[in-house]
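Note sheet for the following structure.
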Amino acid sequence: MKIVDCLHAYPWRGTDNNCNSYVFAGALNEGRHVVVDPGHLLTPMYQEPGLERLWAEMNRDRLEGTRIGLVILTHGHPDHCESAIALRQEYGALVALHEADAPNYEAMGGKVDIFLDEGSLELGSPESISLQICHSPGHTPGHVTIYWPKRKILIAGDCIFYRSMGRTDFPGGDARMLQKSIERLSGLDIECLLCGHAYGSPGILKGKDEVRENFRFIQNYFGKEAI
Amino acid sequence: MEEEGVKSALELAMERIAALPQLTAQEIAEQKERENAPVGKAIVVKYLSGTLSSEELPLELNRYQGERQQMIRRSLLMSLCRELRLGNTLQDVERALLGMATVAPQKRDACEEAARGFHTILDAFETAKQKVLGEFGEVAGRDLIQLGIRGSAVRPNLNENESWKRHLAAMRQAQEPKLEKIRKDLLEEVLRG
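Protein chains in written order, with the numbering used here: chain E, 1 to 227; chain H, 228 to 420.
Below is the structure:
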């Protein structure tokens, strides 16, 4: 599903838990793609082939899965990053993740090539896609969200969902940090919110009003005095 | 013609054993050493992981008696001594030296001398490492730019950079003769008394 320009969304349509993936097609030099959260290689309960299905969907958009040059991980949970291990090992893709989530990912056998800090990320040259990496801890200590100011798009990972937010009961989770992260992200000018899971909707919220309403709903959940 | 009786499996096994050459006293001692070494190593693993405190090391050793205790003590000291290497954190090395000084309290001075020697080598290694770290970081950054990846959010992880890993290994190797001397002197001293 094409969102805008070169950005494609691949919401997970399986039975088991797995994440939505997003692809900046041909964003790198030599036309290689950038994937955000490739998800599970095989889902844990029903053994659904996550990466294979992502590739099949990319193929429908005439994008070759083996041409992924960079994997950006919003955080180090296996339902977002398991396939990154295979993409690095088999196809030489580089893996980028916040340093605070690296131990979790490395415990799965993953290797990190680039640590992502808060700041700018330019993909491709000479005409590049200018993104902002926002450190958005709470769901995990090293969770990042990816903001594209030019297109007013936020790839939110497991920070924000449709009328909901990420869990904080996993190791390293912190509800107060998540609240602060969401508060900060609510100040961005967003017209399209791309969530890490299709919980309650495909996980793609379009339109400024819809995004604002979603933030309002979540902030009400936290309590007005807390925001 | 007299008929031969059928031999049992035990008899066959005993015949084979009898045919084997006798072990010398030294070979028997080495065999025992090999059998007991894993116990000393296991105590060290538990100690370095924090499961055992340094005070508990003598208690662990006292669970064994006589010659066996001596063999386990030797293995334990050798394992701790091997932790004096540059790939370890300073805390790990200091913990290993504390363990040695606890197991061989009369050799505390030798452990302190080894610690001083290790710190000197570590300081020289870290200074040399910091000198080239920036250069490797810049090269890794340029490689990423070639691929079309740049920005203030991008920090190459040199721990996964093959050329940096090779360079670091060579730098460690260069310090190895000095470290080996410290380990050898220390081990000889703690095993002596």
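We put the CB at the ideal spot given by N, CA and C, even for glycine.
query, result
"Classify alanine 226(E) as buried or exposed, calling it buried when 16 or more other Cβ atoms lie within 10 Å of its own Cβ.", "Note that alanine 226(E) has pLDDT 46, beneath the 50 cutoff, so the model's placement of it is unreliable and the number below is only indicative. Looking at its Cβ environment, which holds fewer than 16 other Cβ atoms inside 10 Å, alanine 226(E) is exposed."
"Based on Cα-Cα distance, which residue from Ala93(E), Glu52(E) and Asn18(E) lies nearest to valine 34(E)?", "Ala93(E)"
"Should glycine 65(E) be flagged as near chain H, meaning a C-beta pair shorter than 9 Å?", "no"
"Reducing DSSP to helix, strand and coil, say where proline 202(E) ends up.", "coil"
"Report yes or no: is there a C-beta of chain H within less than 9 Å of the C-beta of isoleucine 114(E)?", "yes"
"Quick check: the stretch 364-374 of chain H against the stretch 395-410 of chain H, are there 3 or more CB pairs under 8 Å?", "no"
"Any beta carbon of chain H sitting closer than 9 Å to that of arginine 32(E)?", "yes"
"Between glutamate 353(H) and chain E, is any beta-carbon pair separated by less than 9 Å?", "no"
"Which parts of the stretch 367-393 of chain H are runs of the alpha helix (DSSP H), unbroken and 4 residues or longer, counting only runs that do not cross its ends?", "none"
"Helix, strand or coil for glutamate 225(E)? Go by DSSP, reduced to three states.", "Reliability of the predicted coordinates at glutamate 225(E) is poor, the pLDDT of 46 falling under 50, and no value is obtained from them."
"Using the Cβ count rule (16 or more neighbours within 10 Å means buried), how would you classify proline 383(H)?", "buried"
"What residues of chain E sit near alanine 396(H), judged by a beta carbon separation below 7 Å?", "In chain order: nothing, as chain E lies at least about 17 Å away."
"Using beta-carbon positions only, say whether glutamine 179(E) and glycine 138(E) come within less than 9 Å of one another.", "yes"
"Might you give, ordered along the chain, the residues of its own chain that have their beta carbon closer than 6 Å to the beta carbon of glutamate 48(E), omitting 5 neighbours on each side?", "Gly14 and Asp16"
"Under 7 Å, CB to CB, which of the residues in the stretch 123-140 of chain E have a partner in chain H?", "Leu123, Gly124, Ser125 and Ile133"
"Would the stretch 267-282 of chain H and the stretch 294-307 of chain H be scored as touching if the rule is three or more Cβ pairs under 8 Å?", "yes"
"Would you tell me roughly how many angstroms separate the C-alpha atoms of serine 128(E) and phenylalanine 345(H), rounded to the nearest one?", "49 Å"
"How far does the beta strand (DSSP E) with isoleucine 190(E) in it reach, from first residue to last?", "Premise fails: isoleucine 190(E) is in no beta strand (DSSP E) and is neither H nor E."
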